[in-house]
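Chains A and B, in that order, give the protein sequences. Each residue of the first sequence is one higher than the one before, counting from 144 in the numbering used here. Each residue of the second sequence is one higher than the one before, counting from 25 in the numbering used here. The structure appears right after this line, and notes come after that.
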Amino acid sequence: DGGITQSPKYLFRKEGQNVTLSCEQNLNHDAMYWYRQDPGQGLRLIYYSQIVNDFQKGDIAEGYSVSREKKESFPLTVTSAQKNPTAFYLCASSLHHLGQPDEHEKLFFGSGTQLSVL
Amino acid sequence: GDSVTQMEGPVTLSEEAFLTINCTYTATGYPSLFWYVQYPGEGLQLLLKATKADDKGSNKGFEATYRKETTSFHLEKGSVQVSDSAVYFCALSDRTGTASKLTFGTGTRLQVTL
């Protein structure tokens, strides 16, 4: 079955530590995204990538880093500079718009990673 | 910038009751509008969408109509079930480049009881 896999489901970070959240998709989607979800605040965009080896900052990129070395993978690193990392992190992907113009707006989400600080 | 405002929850209904969750938006241009649903401990799933004014999106008994004159996209269902209990997010897409940068509302939790 095609889909998006996020791991781990739960992650704990010690102070001063960097942690990496994994996101893998086998939908052959070009674009991938990372969102952060906090209670009562909805979802906020951290980073997104339209093609391999390219990515752009979203609304709350400070304290985070990403890479896009393969089409299938878009890992997110939460660095020690992120002072309030406790949140639910969601990865998503979408098709390239040149193929199906409306389909590129349809996001498919993973099941999320809950990050907490020890 | 773009923004989405949803009614605050939680919304508690009895099974078979009528559901309305209000959503209004602020955007430049002509965004696409979406409703996503999130079940406990899971990611979001697209429920329905509308891409232009007066379009009606529908799925699984849920409906929403793109109202440009009132900048609204209210979600409705005629008869809710316990299985509809979830958090519902209204969102818009700014259609920039080849990526879809969605702006989400804060979500509305729906609880349906027997």
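The C-beta atom is built at its ideal place from N, Cα and C for all residues, glycine as well. Since this is a predicted model, take the numbers as computed values, not measurements.
Looking only at its own chain, which residues have a Cβ that is under 7 angstroms from the Cβ of residue i, when we skip the five neighbours before and after it?
i	result
Lys76(B)	Tyr54, Tyr90
Lys200(A)	Tyr190
Val28(B)	Cys47, Tyr49, Cys114, Ala115, Leu116, Thr127, Phe128, Gly129
Leu233(A)	Tyr178, Gln180, Leu186, Phe252, Gly253, Gly255
Ser210(A)	Pro218
Ser124(B)	Ser117
Ser208(A)	Thr220, Thr222
Name the two residues that bound the continuous beta strand (DSSP E) containing residue i.
i	result
Pro176(A)	A small correction: the amino acid at residue 176(A) is Tyr; Pro does not occupy that position in the sequence shown. Per DSSP, Tyr176(A) belongs to the beta strand (DSSP E) from 174-181.
Ser165(A)	162-168
Ile147(A)	147-150
Ala235(A)	230-237
Gln184(A)	Taken as a continuous stretch (DSSP letters only), Gln184(A) belongs to no beta strand (DSSP E), as it is neither H nor E.
Arg156(A)	153-156
Lys101(B)	99-101
Gly81(B)	80-83
Gln207(A)	According to the sequence shown, residue 207(A) is Tyr rather than Gln. Where Tyr207(A) is concerned, the enclosing beta strand (DSSP E) stretches over 207-209.
Leu250(A)	Neither: Leu250(A) is in no beta strand (DSSP E) and is coded neither H nor E.
Phe145(B)	Here chain B comprises residues numbered 25 to 138, so residue 145(B) is not present and cannot be evaluated.
Thr220(A)	219-221
Provide the residue(s) that pair with residue i in DSSP beta bridges, ordered along the chain.
i	result
Gln135(B)	Thr36(B)
Ala74(B)	Leu57(B)
Gln30(B)	Cys47(B)
Val106(B)	Val106(B) is not bridged to any residue.
Leu261(A)	Beta-bridge pairing links Leu261(A) to no other residue.
Thr127(B)	Leu116(B)
Phe86(B)	Asn83(B), Lys101(B)
Val111(B)	Gln62(B), Arg133(B)
Gln199(A)	Tyr191(A)
Lys213(A)	Ser216(A)
Gln69(B)	Val61(B)
Spatial neighbours of residue i within its chain, please: CB distance less than 6 angstroms, with the 5 preceding and 5 following residues excluded, ordered by chain position.
i	result
Thr148(A)	Glu167
Leu138(B)	Glu39
Glu58(B)	This sequence places Phe at residue 58(B); Glu is not what is there. So the list reads Lys73, Ala115, once near-sequence residues are dropped.
Val61(B)	Gln69, Leu71, Ala110, Tyr112
Asp79(B)	Tyr90
Going along the chain, which residues of its own chain have a beta-carbon closer than 8 angstroms to the beta-carbon of residue i, five neighbours each way excluded?
i	result
Pro34(B)	Thr132, Arg133, Leu134, Gln135
Leu261(A)	Phe155, Arg156, Lys157, Glu158
Ala224(A)	Glu205, Gly206
Against chain A, which members of the stretch 82-112 of chain B pass a CB distance test of less than 7 angstroms? none
Any chance the stretch 218-227 of chain A sits against the stretch 94-108 of chain B, with 3 or more Cβ pairs inside 8 angstroms? no
Would you check if there are 3 or more beta carbon pairs closer than 8 angstroms linking the stretch 128-136 of chain B to the stretch 106-117 of chain B? yes
Within 9 angstroms of chain A by C-beta, residues of the stretch 60-84 of chain B in sequence order: Tyr60, Gln62, Gly65, Glu66, Gly67, Leu68, Gln69, Leu70, Lys73, Thr75
Counting pairs of Cβ atoms below 8 angstroms between the stretch 172-179 of chain A and the stretch 200-219 of chain A, do you hit three or more? yes
Using a Cβ cut-off of 8 angstroms, which residues of the stretch 200-222 of chain A contact any Cβ in chain B, in chain order? Gly201
At least 3 beta-carbon pairs within less than 8 angstroms: the stretch 248-257 of chain A vs the stretch 65-84 of chain B: yes
Any residues in the stretch 176-198 of chain A with a beta carbon nearer than 7 angstroms to a beta carbon of chain B? Which ones, in chain order? Gly183, Gln184, Gly185, Leu186, Leu188, Tyr191, Gln193
The stretch 245-260 of chain A: positions lying closer than 7 angstroms to chain B by Cβ: Asp245, His247, Glu248, Lys249, Leu250, Phe252, Gly253, Ser254, Gly255
With 9 angstroms as the C-beta to C-beta threshold (strictly closer), list the residues of the stretch 157-173 of chain A near chain B in chain order. Asp173
Any residues in the stretch 29-41 of chain B with a beta carbon nearer than 7 angstroms to a beta carbon of chain A? Which ones, in chain order? none
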